[in-house]
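To keep things clear, I will list the structure first and then write my remarks on it.
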Amino acid sequence: MNMELPIPNTHTALLEFFRGLADVRRLQIAGRLAAGSCSVEQLAEQLGQSPQEIRQQMFSLEHAGLVSGPDGSAQTYRLRLDYVHALANQILAHERTTVPPEAVAGDFERKVLREFLPFMPLIRLPYTGALKS
Amino acid sequence: MAAEPDLLEFFKALSDGNRLKIVGLLAQESYSGEVLADMLDIKPATVSHHLSYLAHAGLVEARLQGHSKLYRLRLEVVHAMANRLLASETLPRAAAGVDTGAYERKVLRDFLCPDGSLKEIPAQQKKLRVVLNHIVESFAPDKKYSEKDVNGLLARFHADTASLRRELIGHGLMARANGKYRRL
Chain H
9 MNMELPIPNT
19 HTALLEFFRG
29 LADVRRLQIA
39 GRLAAGSCSV
49 EQLAEQLGQS
59 PQEIRQQMFS
69 LEHAGLVSGP
79 DGSAQTYRLR
89 LDYVHALANQ
99 ILAHERTTVP
109 PEAVAGDFER
119 KVLREFLPFM
129 PLIRLPYTGA
139 LKS
Chain L
25 MAAEPDLLEF
35 FKALSDGNRL
45 KIVGLLAQES
55 YSGEVLADML
65 DIKPATVSHH
75 LSYLAHAGLV
85 EARLQGHSKL
95 YRLRLEVVHA
105 MANRLLASET
115 LPRAAAGVDT
125 GAYERKVLRD
135 FLCPDGSLKE
145 IPAQQKKLRV
155 VLNHIVESFA
165 PDKKYSEKDV
175 NGLLARFHAD
185 TASLRRELIG
195 HGLMARANGK
205 YRRL
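Going down the list, the protein sequences come from chains H and L. Using our numbering, read the first sequence as starting at 9 and increasing by one per residue. Using our numbering, read the second sequence as starting at 25 and increasing by one per residue.
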């Protein structure tokens, strides 16, 4: 449905995503925007914060890929629900990726890269020790 | 079984680089703290700190195997959170949940004296609304009040009972019909 459906599939992107929502004020903003687009001023009024505070949080949320805007003459911001859903679906997809036991004996990093791809595909592991299964 | 963490707690638990990596590793299989420390090249004490944070948030649980503790990701909890993120009402509700409580408490703290009376009638609409919601709680839902009764109850909050009465009606919290007032 979205032409450029983003998927938070790198460690950094995932971390930014969770950091974006790991703050009461930002979670509030995301929640308001989930119910409909709002301008900074509207959010400030509704959440009882100053527009400057809202702008600061908005910067983090944009950086995390969670909101986009401002759009139109009303200068509204919208929540990128497609991004939130892509992440959620990715987490749920983990259930469906089952790795056969024999693969465990293989190269650790490859296994890591493949198996928990849904969670954190690009983690670089310094660990090279033997793995017991 | 630990309770499902709330949304904010869940996000906080995953908002640290090492914790996110630990969760990623445990999504694959159970590991002991030492093995995790070795894999991530961080101090065992740090890993243990993160593991207890994650356990507290309900995301991991430990079981004893031989002499060491093996940590398991509670994938069912993670999936439940993901499903909640997919439900359209989750985020608005999470916001409302964290919002109203804290904000209203703050407004009431700012505007109410210890004896429950109002220091002043808030000028800002949003704050006024919070205060009016509080005041209207003094009225029983199905009872009709005379203007005198209403003033009597409102006088506990502020001497300007006429303004409070007007605002309560203006905000749709009370209605007036045939000289009688009732709470909506």
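Just so you know, even glycine gets a beta-carbon here, dropped at the ideal spot from N, CA and C. Just so we're clear, the structure is a prediction, and the values are computed from it rather than from any experiment.
Around the C-beta of H/ALA96, are 16 or more other C-beta atoms found within 10 angstroms, so that it is buried, or is it exposed? Taking the first sequence and counting its residues from 1, the one referred to as residue 96 of chain H is at position 88. Buried, because 16 or more other Cβ atoms sit within 10 Å of the Cβ of H/ALA96.
Using beta carbons (cut-off 7 Å, strictly below), is H/LEU23 in contact with chain L? By 1-based counting over the first sequence, the position of residue 23 of chain H is 15. H/LEU23 has a beta carbon lying within less than 7 Å of a beta carbon in chain L.
Going along chain L in order, which residues have a C-beta closer than 8 Å to the C-beta of H/HIS93? By one-based count along the first sequence, residue 93 of chain H stands at place 85. For H/HIS93, the neighbours in chain L by C-beta distance under 8 Å run, in chain order, LEU109 and LEU110.
What residues from chain L crowd round H/ALA42, counting only those whose CB sits closer than 7 Å? Locating residue 42 of chain H in the first sequence gives position 34, counting from the first residue. Those within 7 Å of H/ALA42 in chain L are LEU115 and PRO116.
Near-chain H residues of the stretch 32-45 of chain L - C-beta to any C-beta below 7 Å: So the close ones are LEU32, PHE35, LYS36, LEU38, SER39, GLY41, LEU44 and LYS45.
Can you tell me the Cβ-Cβ gap for L/TYR127 and H/GLY56, rounded? I've got them flagged as a contact below 8 Å. Looking up residue 127 of chain L in the second sequence gives position 103. Looking up residue 56 of chain H in the first sequence gives position 48. By a beta-carbon distance limit of 8 Å, L/TYR127 contacts H/GLY56. Their separation comes to about 5 Å.
From the DSSP output, in three-state form, read off L/MET25 for me. Translated into positions along the second sequence, residue 25 of chain L becomes position 1. Low confidence applies here, because L/MET25 scores a pLDDT of 35, under 50, leaving its location unreliable and the question unanswered by this model.
Hey, H/ARG34 and H/GLN65: beta-carbon distance below 7 Å or not? The count along the first sequence starts at 1 and reaches residue 34 of chain H at position 26. The count along the first sequence starts at 1 and reaches residue 65 of chain H at position 57. The answer is yes: Cβ separation under 7 Å.
So, with DSSP's three-state summary, where would you put H/VAL107? To locate residue 107 of chain H, count along the first sequence from 1; it is residue 99. Any reading at H/VAL107 must be qualified, since the residue scores a pLDDT of 43, below 50, and its modelled position is unreliable; the value itself is stated next. Coil.
Could you check whether H/LEU87 and H/ALA42 sit closer than 7 Å to each other, using their CB atoms as the reference points? Start at 1 with the first residue of the first sequence, and residue 42 of chain H comes out as number 34. Start at 1 with the first residue of the first sequence, and residue 87 of chain H comes out as number 79. The answer is yes: Cβ separation under 7 Å.
Does the beta-carbon of L/LYS45 have 16 or more other beta-carbons within 10 angstroms, so that it is buried, or is it exposed? In the second sequence, counting from the first residue as 1, residue 45 of chain L sits at position 21. L/LYS45 is classed as buried because its beta carbon has at least 16 other beta carbons within 10 Å across all chains shown.
What are the boundary residues of the beta strand (DSSP E) that L/LYS204 is part of? Counted from its first residue, the second sequence places residue 204 of chain L at position 180. Where L/LYS204 is concerned, the enclosing beta strand (DSSP E) stretches over 204-207.
N- and C-terminal bounds of the alpha helix (DSSP H) containing L/THR70: In the second sequence, counting from the first residue as 1, residue 70 of chain L sits at position 46. Note, L/THR70: alpha helix (DSSP H), 68-80.
What did DSSP end up calling H/ARG88 once you bin it into helix, strand or coil? As a working note, residue 88 of chain H is residue 80 in the first sequence. H/ARG88 falls in the coil class under three-state DSSP.
Between H/GLU61 and L/TYR55, what straight-line distance do the alpha-carbon atoms span, to the nearest angstrom? For this step, residue 61 of chain H is matched to residue 53 along the first sequence. For this step, residue 55 of chain L is matched to residue 31 along the second sequence. Approximately 42 Å between the Cα atoms of the pair.
Run through chain L and tell me which residues come within less than 9 Å of H/ALA96, C-beta to C-beta. Within the first sequence, numbered from 1, the residue matching residue 96 of chain H stands at position 88. Going along chain L in sequence order, the residues near H/ALA96 (Cβ under 9 Å) are MET105, ALA106, ASN107, ARG108, LEU109 and LEU110.
Would you please verify whether the beta carbon of L/ALA27 is less than 7 Å from any beta carbon of chain H? The count along the second sequence starts at 1 and reaches residue 27 of chain L at position 3. For L/ALA27, the predicted structure reports a pLDDT of 39, less than 50, and the residue's modelled location is therefore unreliable. A value from the coordinates is still provided. Chain H has no Cβ within less than 7 Å of the Cβ of L/ALA27.
Candidates L/ARG98, L/LEU83, L/ARG206 and L/TYR77, of which the one nearest L/LYS168 by Cα: Numbered from 1 along the second sequence, position 144 holds the residue referred to as residue 168 of chain L. The candidate whose alpha carbon is nearest that of L/LYS168 is L/ARG206.
Using the C-alpha atoms, what's the distance from H/VAL32 back to L/GLY140? As a first step, residue 140 of chain L is located in the second sequence; it is residue number 116 there, counting from the start. As a first step, residue 32 of chain H is located in the first sequence; it is residue number 24 there, counting from the start. Between L/GLY140 and H/VAL32, the C-alpha separation is close to 29 Å.
Cross-strand partners of L/ALA199 (DSSP beta bridge): Here the question's residue 199 of chain L lines up with position 175 in the second sequence. DSSP lists L/ARG206 as the bridge partner or partners of L/ALA199.
Tell me the rounded alpha-carbon separation between L/ASP65 and L/LYS130. If you number the second sequence from 1, residue 65 of chain L lands on position 41. If you number the second sequence from 1, residue 130 of chain L lands on position 106. Taking the CA atoms as reference points, L/ASP65 sits about 44 Å from L/LYS130.
Alpha carbons only, please: which of H/ALA30, H/TYR91 and H/GLY80 is nearest the one belonging to H/SER47? On the first sequence, position 39 is the one that residue 47 of chain H refers to. That would be H/GLY80, whose Cα lies nearest to the Cα of H/SER47.
Pick out whichever of H/THR20, H/GLY28 and H/LEU29 has its Cα sitting closest to the Cα of L/ASN42. Numbered from 1 along the second sequence, position 18 holds the residue referred to as residue 42 of chain L. When each option's Cα is compared against that of L/ASN42, the closest is H/THR20.
When the Cα of L/ALA37 is compared with those of H/LEU69, H/ARG63 and H/ALA30, which residue comes out closest? Locating residue 37 of chain L in the second sequence gives position 13, counting from the first residue. When each option's Cα is compared against that of L/ALA37, the closest is H/ALA30.
Might you give, ordered along the chain, the residues of its own chain that have their beta carbon closer than 7 Å to the beta carbon of H/GLU110, omitting 5 neighbours on each side? On the first sequence, position 102 is the one that residue 110 of chain H refers to. Low local confidence applies: a pLDDT of 42 at H/GLU110 is under 50, so the model's placement there is unreliable, and no value is given.
Strictly under 7 Å for the Cβ-Cβ distance: is L/LYS150 near chain H by that measure? As a first step, residue 150 of chain L is located in the second sequence; it is residue number 126 there, counting from the start. It does: the Cβ of L/LYS150 has a partner Cβ on chain H nearer than 7 Å.
Indicate whether L/GLU33 and L/ALA81 have their beta-carbon atoms separated by less than 7 Å. Your numbering for residue 33 of chain L matches position 9 in the second sequence. Your numbering for residue 81 of chain L matches position 57 in the second sequence. In contact: L/GLU33 and L/ALA81 (Cβ atoms closer than 7 Å).
Chain-ordered chain C contacts of L/TYR169 [CB-CB under 7 Å]: As a matter of chain content, chain C is missing from the structure shown, whose protein chains are H and L.
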